[in-house]
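Please read the structure below before turning to the comments.
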Amino acid sequence: MAMLIGGLFTLAVQIGYQWYLDQHKLPDELVGVVLPKPRGIGAFELVDHMGKPFTMARLKGKWTFMFFGYTHCPDVCPVTMGLMADVFSRFKDRPDLLDQTQGVFVSIDPKRDTEKMLKEYVPYFNKEFIGVTGGVGEVDRFSTELGVGVRVSPPEADGSYQIAHTSAIYLINPQGKFHALFQTQFHNAEKIAKLFDMMIKLFS
């Protein structure tokens, strides 16, 4: 019976995904990028680099490119933030895209990443980007809900430490739902801009 139920569940998921693809006529390029179904995000209370509350309300009404990292990151974070800046620079001649998007950097290192540090770090890549931090528990809960992997290394003698983490760029839709994921194989500004343009036409 358990095997039968499991088989029926798998079949239902496959049928549901196929229905979703059929309904939205998902191009092959977006398969593996767009989630089978946009996933809701629970309520959260964070703060941006200007000291203003960053809650679900800040995700509503715009497409949000979101990256999780930390300011002491030596390589992946600055490279990925530079990539996001490059993507947004390609929207300059497309006000229809630029007006409905925002870039957000969420710190996974709230112990060190103060609002002041984020205010210095995040706008360097794009003055409109938003840096976000918060209490350790709230940041952990938010990042875990979105499936962000985080592993903190043992501290060095001077107390410094590195953090291994997911390097993907998350796309949140204007309803505040997790809609797509640009994994590292898609980390090309031209490709991301093209895929996003396709998504806008399909889902807006």
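Quick note, the sequence shown lines up with residues 213 to 416 if you use the numbering used here. The beta-carbon is built from N, C-alpha and C at its ideal position, and this holds for glycine as well. The structure presented is a predicted model; accordingly, all values stated were derived computationally and were not measured.
For residue 244, there is no enclosing beta strand (DSSP E), since its DSSP letter is neither H nor E.
Judged by beta-carbon spacing, residue 315 lies beyond the 7 Å limit of residue 329, meaning their Cβ atoms are not closer than that value. Scanning its chain for C-beta atoms nearer than 6 Å, with the 5 sequence neighbours on each side dropped, one finds around residue 319 the residues 282, 325, 345, in chain order.
In the three-state reduction of the DSSP assignment, residue 352 falls in the helix class, which pools H, G and I. Boundaries of the alpha helix (DSSP H) around residue 292: 288–301. Under the three-state reduction of DSSP output, residue 278 falls in the strand class.
Of the residues 342, 292, 323, the one whose Cα lies closest to the Cα of residue 265 is 342. Judged by beta-carbon spacing, residue 394 lies beyond the 7 Å limit of residue 251, meaning their Cβ atoms are not closer than that value. Shortest Cα-Cα distance from residue 358 to any of 380, 308, 242 involves 380. Here residue 400 has no same chain residue with a Cβ atom under 7 Å from its own Cβ, once five neighbours each way along the sequence are excluded.
In the three-state reduction of the DSSP assignment, residue 267 falls in the strand class.
Taking 3 residues as the minimum length, the beta strand (DSSP E) runs contained wholly in the stretch 317–351 are 342–345, in order along the chain. For residue 256, the CB contacts under 6 Å within the same chain, skipping 5 residues up- and downstream, are 354 in chain order. Residue pairing by DSSP puts residue 377 in a beta bridge opposite 362. Non-local C-beta neighbours of residue 378 in its own chain, meaning closer than 7 Å and more than five positions away in sequence, comprise 280, 360, 361, ordered along the chain.
Counted as a single uninterrupted DSSP element, the stretch harbouring residue 257 is not any alpha helix (DSSP H) but the beta strand (DSSP E) occupying residues 257–260. Here residue 292 is buried, its C-beta having at least 16 other C-beta atoms within 10 Å.
Between residue 368 and residue 258, the beta carbon gap of about 28 Å keeps them out of contact (Cβ cut-off 8 Å).
A buried status is given to residue 245, since no fewer than 16 other beta-carbon atoms sit within 10 Å of its beta-carbon. Assignment of beta-bridge partners to residue 383 by DSSP yields 277, 392.
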